[in-house]
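Participant:
2 protein chains.
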Amino acid sequence: MQTIIRSVSKEVIIELESPFVVIGECINPTGHKKLREALLRNEYDYIRQLAINQVESGADILDINVGVPGLDEVAFLPEVVELVASVVDVPICIDSANPEALAAGLSVAPGKALVNSTNGEEAMLEAVLPIVKEYGAAVIGLTMDDDGIPNDPERRVAVAGKILERAAKLGIPAENVVIDPLVMAVGADSSAGVITLRSIEMIRREFGVNISLGASNVSFGLPERPIINQAFLALAIGAGATCAITNPMKLTATIRAIDLLLGRDPFAGRYISHYRSMQQKLG
Amino acid sequence: MQTIIRSVSKEVIIELESPFVVIGECINPTGHKKLREALLRNEYDYIRQLAINQVESGADILDINVGVPGLDEVAFLPEVVELVASVVDVPICIDSANPEALAAGLSVAPGKALVNSTNGEEAMLEAVLPIVKEYGAAVIGLTMDDDGIPNDPERRVAVAGKILERAAKLGIPAENVVIDPLVMAVGADSSAGVITLRSIEMIRREFGVNISLGASNVSFGLPERPIINQAFLALAIGAGATCAITNPMKLTATIRAIDLLLGRDPFAGRYISHYRSMQQKLG
Numbered sequence: 001m002q003t004i005i006r007s008v009s010k011e012v013i014i015e016l017e018s019p020f021v022v023i024g025e026c027i028n029p030t031g032h033k034k035l036r037e038a039l040l041r042n043e044y045d046y047i048r049q050l051a052i053n054q055v056e057s058g059a060d061i062l063d064i065n066v067g068v069p070g071l072d073e074v075a076f077l078p079e080v081v082e083l084v085a086s087v088v089d090v091p092i093c094i095d096s097a098n099p100e101a102l103a104a105g106l107s108v109a110p111g112k113a114l115v116n117s118t119n120g121e122e123a124m125l126e127a128v129l130p131i132v133k134e135y136g137a138a139v140i141g142l143t144m145d146d147d148g149i150p151n152d153p154e155r156r157v158a159v160a161g162k163i164l165e166r167a168a169k170l171g172i173p174a175e176n177v178v179i180d181p182l183v184m185a186v187g188a189d190s191s192a193g194v195i196t197l198r199s200i201e202m203i204r205r206e207f208g209v210n211i212s213l214g215a216s217n218v219s220f221g222l223p224e225r226p227i228i229n230q231a232f233l234a235l236a237i238g239a240g241a242t243c244a245i246t247n248p249m250k251l252t253a254t255i256r257a258i259d260l261l262l263g264r265d266p267f268a269g270r271y272i273s274h275y276r277s278m279q280q281k282l283g
Numbered sequence: 284m285q286t287i288i289r290s291v292s293k294e295v296i297i298e299l300e301s302p303f304v305v306i307g308e309c310i311n312p313t314g315h316k317k318l319r320e321a322l323l324r325n326e327y328d329y330i331r332q333l334a335i336n337q338v339e340s341g342a343d344i345l346d347i348n349v350g351v352p353g354l355d356e357v358a359f360l361p362e363v364v365e366l367v368a369s370v371v372d373v374p375i376c377i378d379s380a381n382p383e384a385l386a387a388g389l390s391v392a393p394g395k396a397l398v399n400s401t402n403g404e405e406a407m408l409e410a411v412l413p414i415v416k417e418y419g420a421a422v423i424g425l426t427m428d429d430d431g432i433p434n435d436p437e438r439r440v441a442v443a444g445k446i447l448e449r450a451a452k453l454g455i456p457a458e459n460v461v462i463d464p465l466v467m468a469v470g471a472d473s474s475a476g477v478i479t480l481r482s483i484e485m486i487r488r489e490f491g492v493n494i495s496l497g498a499s500n501v502s503f504g505l506p507e508r509p510i511i512n513q514a515f516l517a518l519a520i521g522a523g524a525t526c527a528i529t530n531p532m533k534l535t536a537t538i539r540a541i542d543l544l545l546g547r548d549p550f551a552g553r554y555i556s557h558y559r560s561m562q563q564k565l566g
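Those protein sequences? They're chains A and B, same order as listed.
Using our numbering, you'd call the opening residue of the first sequence number 1 and step up by one each time.
Using our numbering, you'd call the opening residue of the second sequence number 284 and step up by one each time.
Structure (structure tokens):
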């Protein structure tokens, strides 16, 4: 199944047969003080630079989140979307917990955007899906609902099914819904990795949809986090994940290696060209 | 299926449900000039140190290879086996292309050793399997035969089947045969990774036996080899590999992370204790 996301000039295809899609996570003020201050002071140069750096480091899509207390997301999100679209030509992933801000962002996003995110909560489904439909966007659906995050793969699959069904009722086809089966910290619960990996396999088998994940939460609280994040990405991609919201500066090299090992990079072309462009950036 | 390897005091169980087993590869003079010279000059301190370092870095079993041109392997292999067994208490993997040297090594190896290796070639099967049987050892079987290394998973599975069948005829049970489905360099053939990963899955499904791999060959000729090796290990373990002949100093951290993510490390105990012991080694 192909999920297609577009900017004015670029089309990104998320599917099992193609290289893994990297959604750059860095334009998000949560835990990112410098960006928070830049947003509050309208200092756009730093945001532009974050956009350019991520694309140069291999981001296929850029996530944009401007959720800072004291800042009017509805007014500000479209501004930053336009700013980012003026310096890079990759598709955009509009990221907000506020449905009104999502709509405002989508209204200016060029092409076909991705929405981050809905989940299986009634209020979220009712608020977010009509906006996704109205703008012809695609949406990430997190496998949690009004009862929280299920602790077993079966119920995560059930939540995914509910999101897909509700989307279908509004005329949003399954290819425009990317399921994120969520991963908790393995440091807090050592079955967290297995639950997510099984969920990926089961959702993929049951619905055939694309699977996204946040790839750094898994290592929270443990030492040497990059080692865990890299291993998790490989296991998750091996299990059927097709895109991730992640830091391209940190994980693109690993992702290129995984694509190569999975036969998705003829003659190692993408792996080597990523290596060369990183060498140039350093040199 | 459990493959059990033993020293005098330690038992190592290779199986899907347990942590991945690390077979330390560093006592092997191929491409290791310092060791080659130490072997030729009978400088045993360096070999002792290699053994100790690997075990401290997480090796569960130590591979011992003394194949240097001009050195009498049949006389020398048992000497080094005894040397290693005198400083560390992990089981041994006797590594030689010379069946006579294998027998000599096995005759002094404490407990139940692993033999590296046989393959599907007639001459190898006839020479190596009777020795494995005689000493009650386990053996690694490489999926290549008189026609070379098959370029598709189906024929690698067939070679594995042949090795298992020939072993069974001599009374060597399947649990004492660990299959290595071989991995070629992805830089030379970008389908090499997929062929090996499919072979792992198919051999596991067809015969249920344990799977070993050499984990660094895959990145030969490419830049940033550790990134590829780490990703390959995760993909291979996710596919069903249960042990690897590898450098514990370089890859144990990744292996501990993978075990943790696959739910084989309750409370992240092994992951954290490896991290701590590496910190101590550094500090």
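The beta-carbon is built from N, C-alpha and C at its ideal position, and this holds for glycine as well.
Everything numeric in this text was worked out from a predicted model, so none of it was measured.
Who are the Cβ neighbours of Phe-503 (chain B) in its own chain at under 6 angstroms, not counting the five residues just before and after it?
Facilitator: Cβ within range, chain order: Ala-468.
Participant: For the segment 286-343 of chain B, which segments carrying the beta strand (DSSP E) assignment without a break, of at least 3 residues, lie completely within its bounds, in sequence order?
Facilitator: Qualifying beta strand (DSSP E) stretches, in chain order: 286-289, 294-297 and 304-310.
Participant: Do we get a CB-CB distance below 7 angstroms when we pair Pro-266 (chain A) with the residues of chain B?
Facilitator: By this cut-off, Pro-266 (chain A) is an interface position.
Participant: Which whole-angstrom value describes the C-beta separation of Val-81 (chain A) and Glu-73 (chain A), a residue pair presumed to lie in contact below a C-beta threshold of 8 angstroms?
Facilitator: Their Cβ separation, rounded to whole angstroms, is 12 angstroms, which puts Val-81 (chain A) and Glu-73 (chain A) out of contact at 8 angstroms.
Participant: Against chain A, which members of the segment 466-483 of chain B pass a CB distance test of less than 7 angstroms?
Facilitator: Answer in chain order: Val-469, Gly-470, Ser-473, Ser-474, Gly-476 and Val-477.
Participant: Kindly say whether Phe-280 (chain B), judged by its beta-carbon, lies nearer than 7 angstroms to any beta-carbon of chain A.
Facilitator: No information on residue 280 (chain B) is available, as it lies outside the stretch 284 to 566 that chain B covers here.
Participant: Could you tell me how far apart the beta carbons of Val-128 (chain A) and Val-139 (chain A) are, in whole angstroms, since I believe they sit closer than 8 angstroms?
Facilitator: About 7 angstroms separates the two Cβ atoms, so the contact holds.
Participant: Hey, is Gly-546 (chain B)'s beta-carbon within less than 7 angstroms of any beta-carbon in chain A?
Facilitator: Closer than 7 angstroms: yes.
Participant: Any beta carbon of chain B sitting closer than 7 angstroms to that of Gly-238 (chain A)?
Facilitator: For Gly-238 (chain A), the answer is yes, since a Cβ of chain B falls inside 7 angstroms of its Cβ.
Participant: What are the boundary residues of the alpha helix (DSSP H) that Ala-244 (chain A) is part of?
Facilitator: That residue, Ala-244 (chain A), is in no alpha helix (DSSP H); its beta strand (DSSP E) goes 243-246.
Participant: Are the C-beta of Gln-54 (chain A) and some C-beta of chain B separated by less than 7 angstroms?
Facilitator: Not one chain B Cβ lies under 7 angstroms of Gln-54 (chain A).
Participant: Identify the residues that DSSP records as bridge partners of Val-422 (chain B): which are they?
Facilitator: Answer by DSSP bridge pairing, in chain order: B:Val-398 and B:Val-460.
Participant: Taking 8 angstroms as the cut-off, does the segment 229-245 of chain A touch the segment 511-518 of chain B (at least 3 CB pairs, one atom from each stretch)?
Facilitator: Enough Cβ pairs lie closer than 8 angstroms, so yes.
Participant: For the segment 266-280 of chain A, which residues have a CB atom closer than 8 angstroms to at least one CB atom of chain B, in sequence order?
Facilitator: Within the segment 266-280 of chain A, the qualifying residues are Pro-266, Phe-267, Ala-268, Tyr-271, Ile-272 and Tyr-275.
Participant: Provide the residue(s) that pair with Leu-544 (chain B) in DSSP beta bridges, ordered along the chain.
Facilitator: DSSP, once it has assigned bridges, lists no residue as partnering Leu-544 (chain B).
Participant: Flag Ile-179 (chain A) as yes if its beta-carbon sits less than 7 angstroms from any beta-carbon of chain B, otherwise no.
Facilitator: It does not; no Cβ of chain B falls within 7 angstroms.
Participant: My guess is that Phe-596 (chain B) and Ala-457 (chain B) are in contact by the Cβ rule of under 8 angstroms, so how many angstroms apart are they, rounded?
Facilitator: Look at the range of chain B in this structure, 284 to 566, and you will see that residue 596 (chain B) is not part of it.
Participant: Does any C-beta atom of chain A lie closer than 7 angstroms to the C-beta of Ile-511 (chain B)?
Facilitator: So yes, Ile-511 (chain B) belongs to the interface.
Participant: Helix, strand or coil: which one does DSSP assign to Ser-273 (chain A)?
Facilitator: Correct three-state label for Ser-273 (chain A): helix.
Participant: Rounded to the nearest angstrom, how far is the Cβ of Gln-49 (chain A) from that of Pro-248 (chain A), given a contact under 8 angstroms?
Facilitator: Their Cβ separation, rounded to whole angstroms, is 14 angstroms, which puts Gln-49 (chain A) and Pro-248 (chain A) out of contact at 8 angstroms.
Participant: Measure the alpha-carbon distance for Val-88 (chain A) versus Thr-254 (chain A) and round it to whole angstroms.
Facilitator: Cα to Cα, the separation comes out at about 23 angstroms.
Participant: Should the segment 87-105 of chain A be regarded as contacting the segment 8-18 of chain A, the criterion being three or more beta carbon pairs within less than 8 angstroms?
Facilitator: Yes, they touch.
Participant: Going straight from the alpha carbon of Gly-136 (chain A) to that of Ala-75 (chain A), what length do you get?
Facilitator: Spanning the two alpha carbons is a distance of roughly 21 angstroms.
Participant: Please list, in chain order, the chain B residues whose beta carbon lies closer than 7 angstroms to that of Phe-232 (chain A).
Facilitator: By Cβ distance, chain B contributes Leu-544.
Participant: What three-state label does DSSP hand Ser-502 (chain B) in the structure shown?
Facilitator: In this structure, Ser-502 (chain B) counts as helix in the three-state DSSP scheme.
Participant: Expressed to the nearest angstrom, what Euclidean distance is found between the alpha-carbon atoms of Val-84 (chain A) and Asp-189 (chain A)?
Facilitator: Their Cα atoms are separated by approximately 38 angstroms.
Participant: Run through the segment 72-105 of chain A for me and flag every whole beta strand (DSSP E) of 3 or more residues, listed as ranges in chain order.
Facilitator: Correct list: 92-95.
Participant: I think Gly-424 (chain B) touches Val-460 (chain B), with their Cβ atoms under 8 angstroms apart; what is that distance to the nearest whole Å?
Facilitator: Correct: roughly 5 angstroms between the Cβ atoms.
Participant: Pick out whichever of B:Gly-454, B:Ala-475, B:Arg-547 and B:Glu-383 has its Cα sitting closest to the Cα of Asp-259 (chain A).
Facilitator: It is B:Ala-475 whose Cα lies nearest to the Cα of Asp-259 (chain A).
Participant: So, for Glu-134 (chain A): in the same chain, excluding its five sequence neighbours on each side, which residues have a beta-carbon less than 6 angstroms away from its beta-carbon?
Facilitator: Contacts found: none.
Participant: State yes or no: is the beta carbon of Ala-244 (chain A) nearer than 7 angstroms to at least one beta carbon in chain B?
Facilitator: Not closer than 7 angstroms to any Cβ of chain B, the Cβ of Ala-244 (chain A) fails to qualify, so no.
Participant: Which stretch, first to last residue, makes up the alpha helix (DSSP H) that contains Ser-212 (chain A)?
Facilitator: Here Ser-212 (chain A) belongs to no alpha helix (DSSP H); instead the beta strand (DSSP E) covers 212-214.
Participant: May I ask you to report which of helix, strand or coil DSSP gives Leu-345 (chain B)?
Facilitator: If DSSP states are grouped into helix, strand and coil, Leu-345 (chain B) belongs with the strands.
Participant: Three-state secondary structure (DSSP) at Gly-161 (chain A)?
Facilitator: Helix at Gly-161 (chain A).
Participant: Provide the residue span of the alpha helix (DSSP H) that contains Glu-404 (chain B), from first to last.
Facilitator: Looking at the DSSP string, Glu-404 (chain B) is not in any alpha helix (DSSP H), and its letter there is neither H nor E.
Participant: Does DSSP put Gly-208 (chain A) in a helix, a strand or coil?
Facilitator: Note: Gly-208 (chain A) maps to coil in three-state DSSP.
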